Amino acid sequence: GAVVSQHPSWVICKSGTSVKIECRSLDFQATTMFWYRQFPKQSLMLMATSNEGSKATYEQGVEKDKFLINHASLTLSTLTVTSAHPEDSSFYICSAGSRGRDNSPLHFGNGTRLTVT
Amino acid sequence: KNQVEQSPQSLIILEGKNCTLQCNYTVSPFSNLRWYKQDTGRGPVSLTIMTFSENTKSNGRYTATLDADTKQSSLHITASQLSDSASYICVVRSSGGYQKVTFGTGTKLQVIP
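Protein sequence lines, in the order shown, are assigned to chains A and B.
With my numbering, the residue at position 49 of the first sequence is 90, and numbering never jumps.
With my numbering, the residue at position 107 of the second sequence is 166, and numbering never jumps.
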């Protein structure tokens, strides 16, 4: 089946530094990628939707200058957490889908656990 | 505004028992509804998809139902196992444009021996 690879699976960084998370679709063209954040014992919170070749659409309350999303190709999207703070510590997950394939599932990465010290 | 609400928020059941999770949505125009299972620390995995014309669909011990008139779906788990402990997320996709996807808040299920 379709596979989405997310890297790294976990990262620890110091406050004030930036962290880049990659999301790759391994065997299909992902025209749309979604980025989520999940706090402990809570459900997924959609942060932004990105379509290949265009700017990401951010959900209300998500700072686009802090969470930079790039979706330059049909197989790769990146999320960069800039100037990370301890409150940014969370589980970040991406998912990928294809435009026009309404009945195909979203394929999720296995997430990245970010800890900011 | 498109919304997907799930109930209960959390549930604890004994191993071997059955349970039913609920999903109510207000997404329009409706394309399909999918149930995902998310194990702790992992990404969600699709269990089943329901389109407008489908009322019931089974996948092993999981049976999903859809009532498109009342905009409700349920996920029934039969003879629960410890490995069923996870969060179950209802996701509704609308048609047209970029096929907007709306996520439910999830139900956290814990199966205990």
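Note that the Cβ used here is the ideal one computed from N, Cα and C, for glycine as well.
What you are looking at is a predicted structure, and each value in this text was computed from that prediction instead of being measured.
query                                                                                                               : result
CB of Val-60(A) within 8 Å of CB of Cys-54(A), strictly                                                             : yes
Exposed unless 16 or more other CB atoms sit within 10 angstroms - verdict on Ser-66(B)                             : exposed
As assigned by DSSP and simplified to three states, the class of Tyr-157(B)                                         : Any reading at Tyr-157(B) must be qualified, since the residue scores a pLDDT of 49, below 50, and its modelled position is unreliable; the value itself is stated next. Of the three classes helix, strand and coil, the one that applies to Tyr-157(B) here is coil, per DSSP.
Selection from Pro-88(B), Ser-146(B), Pro-172(B), Thr-166(B) that minimises the alpha carbon distance to Asp-128(B) : Pro-88(B)
Minimum Cβ-Cβ distance from Pro-103(B) to chain A less than 8 Å                                                     : yes
Own chain partners of Val-160(B) with C-beta closer than 7 Å, once the 5 adjacent residues on each side are dropped : Val-150, Arg-152
DSSP three-state assignment for Leu-141(B), whether helix, strand or coil                                           : helix
CB contact below 8 Å: Tyr-121(B) versus chain A                                                                     : no
Helix, strand or coil at Glu-63(A) according to DSSP, with G and I counted as helix                                 : strand
Within-8 Å CB hit, Leu-87(A) to chain B                                                                             : yes
CB-CB length for Lys-178(A) against Thr-123(A), believed under 8 Å                                                  : The question about residue 178(A) has no answer here: the residues shown for chain A are numbered 42 through 158.
Beta-carbon gap between Met-74(A) and Ala-137(A) smaller than 8 Å                                                   : yes
Interface partners of Ile-110(A) on chain B, CB under 9 Å                                                           : None at all; the shortest Cβ gap to chain B is about 15 Å.
Under 7 Å from the C-beta of Val-86(B): neighbouring residues of chain A                                            : Those within 7 Å of Val-86(B) in chain A number zero; the least Cβ separation is about 13 Å.
Endpoints, beta strand (DSSP E) assigned at Ser-114(A)                                                              : 108-114
Helix, strand or coil at Glu-64(B) according to DSSP, with G and I counted as helix                                 : strand
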